[in-house]
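A.B. asks: Going down the list, the sequences are from chains A and B.
Going by this note's numbering, the letters in the first sequence line up with residues 266 to 379, in that order.
Going by this note's numbering, the letters in the second sequence line up with residues 452 to 563, in that order.
Input: one structure, supplied below.
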Amino acid sequence: EAQVTQNPRYLITVTGKKLTVTCSQNMNHEYMSWYRQDPGLGLRQIYYSMNVEVTDKGDVPEGYKVSRKEKRNFPLILESPSPNQTSLYFCASAFAPYGNSPLHFGNGTRLTVT
Amino acid sequence: DQQVKQNSPSLSVQEGRISILNCDYTNSMFDYFLWYKKYPAEGPTFLISISSIKDKNEDGRFTVFLNKSAKHLSLHIVPSQPGDSAVYFCAARPNTGNQFYFGTGTSLTVIP
Chain A
266 EAQVTQNPRY LITVTGKKLT VTCSQNMNHE YMSWYRQDPG LGLRQIYYSM
316 NVEVTDKGDV PEGYKVSRKE KRNFPLILES PSPNQTSLYF CASAFAPYGN
366 SPLHFGNGTR LTVT
Chain B
452 DQQVKQNSPS LSVQEGRISI LNCDYTNSMF DYFLWYKKYP AEGPTFLISI
502 SSIKDKNEDG RFTVFLNKSA KHLSLHIVPS QPGDSAVYFC AARPNTGNQF
552 YFGTGTSLTV IP
């Protein structure tokens, strides 16, 4: 089944403790991206990747890191999480970042930072 | 600055009637527009899209209309069903960029 898989689904952590949220897609998509969803703000892009070893900042990249060493994986890293990073996070992928190629989303990771 | 706006946070419609969800955008460089549907505890699911060379795209009960001069798009669901109750996001991508921009969502409730 074609899908985007994120782990974990739920995560509670404390301020400053490094964490990684994994994302994997099995559709051979070139484009991958991370979003956060907050009440009243919709989905805001954190980082995106056009292909392996090619990443770029979205609208809200502060406090996050990403890497794209393999085409299928695009982990989101919070080196020193803070309470304002408490949010619902979605990973997404698309066949290509151009043309009529829609994003396909994972099921989300709800992160709470205390 | 929100480049894609959904000004109605919620909408209630009777089963069998038409649901119309609206979306406005500010960037004239957007050339690809999408609608997503999101149930609680799930990721957004792609519903329907339209490119800027068209003004209408239809898929079963779902039709998207694009008015480029007004920078407005709408999603029509006919007839509405209780299973359509969800949050709907519109999104757009510019022809020269690699980012998708999303609205804040409209929560649709279809009343049986």
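Every residue gets a Cβ at the ideal spot worked out from N, C-alpha and C, and that includes glycine.
From a predicted model like this one, the values you see are computed outputs, not experimental measurements.
(1) Going residue by residue through the segment 335 to 371 of chain A, where are the continuous beta strand (DSSP E) segments of at least 3 residues, counting only ones entirely within it?
(2) Using a beta-carbon distance below 8 Å, is Tyr483(B) in contact with chain A?
(3) According to DSSP, simplified to helix, strand and coil, what is Pro545(B)?
(4) From this set, Gly494(B), Ser520(B) and Phe513(B), which residue's C-alpha is nearest Ser531(B)'s C-alpha?
(5) So with CB distances below 8 Å, who are the chain B contacts of Pro367(A)?
(6) Looking at the unbroken beta strand (DSSP E) that takes in Thr287(A), where does it start and where does it end?
(7) Considering just the uninterrupted stretch of the beta strand (DSSP E) at Phe513(B), what are its terminal residues?
(8) For Phe481(B), list the residues DSSP reports as bridge partners.
(9) Which residues does DSSP pair with Asp321(A) in a beta bridge?
(10) If contact is defined by three or more beta carbon pairs under 8 Å, each pair taking one atom from either stretch, is the segment 503 to 518 of chain B in contact with the segment 477 to 486 of chain B?
(11) If you draw a straight line from the alpha carbon of Phe355(A) to that of Gln302(A), how long is it in whole angstroms?
C.D. replies: This is what the structure gives:
(1) 341 to 343 and 352 to 359
(2) Tyr483(B) counts as touching chain A.
(3) strand
(4) When only C-alpha atoms are compared, the closest one is Phe513(B).
(5) Leu485, Phe497 and Ser500
(6) Leu284 to Gln290
(7) For Phe513(B), the enclosing beta strand (DSSP E) starts and ends at Phe513 to Asn518.
(8) Pro545(B)
(9) Asp321(A) pairs with Tyr313(A).
(10) Yes, the segment 477 to 486 of chain B is in contact with the segment 503 to 518 of chain B.
(11) 8 Å
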